[in-house]
Amino acid sequence: MTGTSVSNTSEALEHVAIIMDGNGRWANSRGLIRSEGHRQGATNLREVVEAFANEGVSFITLYAFSMENWQRPPKEVQNLFDLLVESVAKNIEGLHRDGVRIQHIGNMVDLPCEVREAIRHAEEVTQNNHQVTLSVAFNYGGRAEIIEAVKKIIKDSIPFSDITEKIIEDRLYTTGLPDPDLIIRTAGEKRLSNFLIWQSAYSEYYFTDVLWPDFGEADVRKAIREYKSRRRKFGTLES
Ligand code: FPP
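Taking my numbering, I'd label the letters of the sequence shown as residues 795 to 1033.
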């Protein structure tokens, strides 16, 4: 683990969630096909995860494939599936060595067999690691997550008078994870796109024009510095 820490100021940063946007634009701007952008985007994951870990971040969540992404051309969807399988094969050993626990959030049922297998393998190998939890949102949708939680509540026959935030949170994909302190979106867009919509109620947001494949250690440090300069009030008068 390298780099000078910027995490010695006020706001604690436990969980960072990232909307990795701009792979297509990165490829287009170089006259490459979109899949090259995704490939480059997958390549820099390791550096970014390590940079956050070096800054003491314990939970990192990546938005790698949304439920809405099924609407892309089948070839691109297949490309993203292949990349996930490849990324697991390529990185699992190193991540395991670094004490990273990998977990999937999202809907597994509709994913092809090879993707489910890769995810299960990654989860199984790393299940006892505690250094960093890397959650991969793959076939994830925030509204679908809430609908599933509601269905579980009904299935569990929980009376309406007993419904609390905890009852709902215990039935989300993210159960056991702290809410994200910081949500980063690359490539200039300023929206949440159905990502962690329940969990982001009090998150801070960081938007950058940097395209995801170009996002590296220096950008990690910049985002953390910006986060540390904020004052979180959670609805109180504290500042
Ligand atoms: C958004 O860029 C990015 C995605 C839809 C996929 C994110 C996937 C990766 C970073 C690599 C894959 C990693 C794993 C682990 C599978 P975009 O295609 O919407 O970019 P654009 O808006 O510039 O077209």
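By construction, the Cβ of each residue, glycine as well, lies at the ideal position given by its N, Cα and C atoms. Only a predicted model underlies this, so the values are computations on that prediction, with no experimental measurement involved.
With 16 other Cβ atoms within 10 Å as the buried cut-off, status of residue i
i, result
"Gln993", "buried"
"Val944", "exposed"
"Pro868", "exposed"
"Asp815", "buried"
"Tyr1021", "buried"
"Arg824", "exposed"
"His924", "exposed"
"Arg937", "exposed"
"Tyr967", "buried"
"Pro906", "exposed"
"Tyr1000", "buried"
"Asn822", "exposed"
"Ile812", "buried"
"Arg1025", "exposed"
"Ser1028", "It should be pointed out that residue 1028 corresponds to Phe in this sequence rather than to Ser. Looking at its Cβ environment, which holds fewer than 16 other Cβ atoms inside 10 Å, Phe1028 is exposed."
"Asn817", "buried"
"Tyr934", "buried"
"Asp975", "buried"
"Pro953", "exposed"
"Thr980", "buried"
Cβ distance (whole Å) where residue i is taken to contact residue j below 8 Å
i, j, result
"Ala858", "Leu878", "7 Å"
"Arg819", "Leu1005", "6 Å"
"Ala931", "Phe875", "The Cβ separation is near 15 Å, so there is no contact."
"Ile978", "Ala1017", "6 Å"
Own chain, CB closer than 8 Å to residue i, minus 5 neighbours either side, in chain order
i, result
"Pro972", "Glu808, His809 and Phe853"
"Glu830", "Ala821 and Arg824"
"Val894", "Val843, Ala847, Thr920, Asn923, Gln925, Val926, Thr927 and Leu928"
"Glu862", "Gly935, Ser987 and Asn988"
6 Å CB neighbourhood of residue i in its chain, flanking five on each side removed
i, result
"Ser881", "Ala836"
"Ser1037", "Nothing about residue 1037 can be reported from this structure: the residues present for the chain run from 795 to 1033 only."
"Met902", "Arg910"
"Ile991", "Gly936"
Own chain partners of residue i with C-beta closer than 7 Å, once the 5 adjacent residues on each side are dropped
i, result
"Lys946", "Arg965"
"Glu1061", "This structure does not reach residue 1061, given that the chain is present from 795 up to 1033, and the question cannot be answered."
"Asn873", "Ser829 and His832"
"Ala883", "none"
"Lys984", "Phe1001"
"Ile740", "An answer regarding residue 740 cannot be provided, because it is not within the stretch 795 to 1033 covered by the chain."
Quiz: which residues have CB nearer than 5 Å to the ligand FPP non-hydrogen atoms = Result: Met814, Asp815, Gly816, Asn817, Gly818, Arg819, His832, Gly835, Ala836, Ala858, Leu877, Leu878 and Ser881.
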